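>
Numbering (the numbering used here), first residue to last: 20 to 217.
Now the structure itself:
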């Protein structure tokens, strides 16, 4: 279903399900990330639900985690596949500091996440395309409209850059991630579209 008006980049908290019919085929991206055929088939056969919690708190390590440090926005996401299959967990701290992460799917990576005031701050033509950026979308702490995430694999040589925001898809406002996965000269572009559940 379409995102309600009160769900914005400033408050993504809730449950969102990936709309596979409106999203890109993720298999080419997973293949570029060196995932096995069986893992790719398992992932593409299920529908992912994201349970998102967005909140303000002191920054996570390795930044200054002193409780008196200025608060930053955190976005924590637990993914569950159809039938209760456990997906990955994302813990993002929107202060643009690199943090290490390990999980069963992507291995050992480092990533950073920050706010973006306008898609014009993004150089890549695909990543910056198609966004809603009216006044009603400027709901980040300082009027930002997007989240920009960058992840780099320590072991498999790929990078993944994402811009999050909202687009009009088939006449309805929806939460979307534009994703570019790159490895050497290879590149995969993905548009991931999410329906709001609750």
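Where is the CB? At the ideal position from N, CA and C, for every residue including glycine. Computed from a predicted structure; not experimentally measured.
#1: Which of helix, strand or coil does DSSP assign to residue 159?
#2: Are the beta-carbon atoms belonging to residue 159 and residue 28 less than 8 Å from one another?
#3: Pull the bridge partners of residue 215 from the DSSP assignment, please.
#4: What number of angstroms, rounded off, separates the C-alpha of residue 155 from the C-alpha of residue 81?
#5: Are the CB atoms of residue 42 and residue 211 nearer to each other than 8 Å?
#6: Whose CA, out of 87, 72, 145, lies closest to the CA of residue 109?
#7: Compare the beta carbon distance of residue 126 and residue 66 with 8 Å and say whether it is the shorter of the two.
#8: Considering just the uninterrupted stretch of the beta strand (DSSP E) at residue 122, what are its terminal residues?
#9: Which of helix, strand or coil does DSSP assign to residue 200?
#10: Quick one: any contact between the stretch 136-147 and the stretch 196-211, if contact means 3 or more CB pairs under 8 Å?
#11: In terms of residues, what are the limits of the alpha helix (DSSP H) holding residue 174?
#12: So, under 8 Å CB-CB, residue 195 and residue 141 are touching, yes? Tell me the CB distance rounded to an integer number of Å.
#13: Determine the closest residue to residue 48 out of 63, 35, 37, 40, with distance taken between C-alpha atoms.
#14: Is residue 134 closer than 8 Å to residue 52 when the C-beta atoms are compared?
#15: Whole angstroms are fine: how far does the CA of residue 168 sit from the CA of residue 94?
#16: Between the Cα of residue 90 and the Cα atoms of 171, 209, 112, 132, which residue gives the shortest distance?
#17: Looking only at its chain, what residues have a beta carbon closer than 6 Å to the beta carbon of residue 117, apart from the 5 residues adjacent to it on each side?
#18: With C-beta atoms as the reference, is residue 101 less than 8 Å away from residue 122?
#19: When burial is assigned at 16 or more other CB atoms within 10 Å of the CB, is residue 20 buried or exposed?
#20: For the alpha helix (DSSP H) containing residue 58, name the first residue and the last one.
#21: Strictly by DSSP, which residues pair up with residue 71?
Concretely, from the data shown:
#1: coil
#2: yes
#3: 35
#4: 34 Å
#5: yes
#6: 72
#7: no
#8: 118-122
#9: strand
#10: yes
#11: Segment: none, residue 174 is in no alpha helix (DSSP H) and carries neither H nor E.
#12: At roughly 14 Å, the Cβ-Cβ gap does not stay under 8 Å, so residue 195 and residue 141 are not in contact.
#13: 63
#14: no
#15: 11 Å
#16: 112
#17: 129, 131
#18: no
#19: exposed
#20: 56-64
#21: 33, 96
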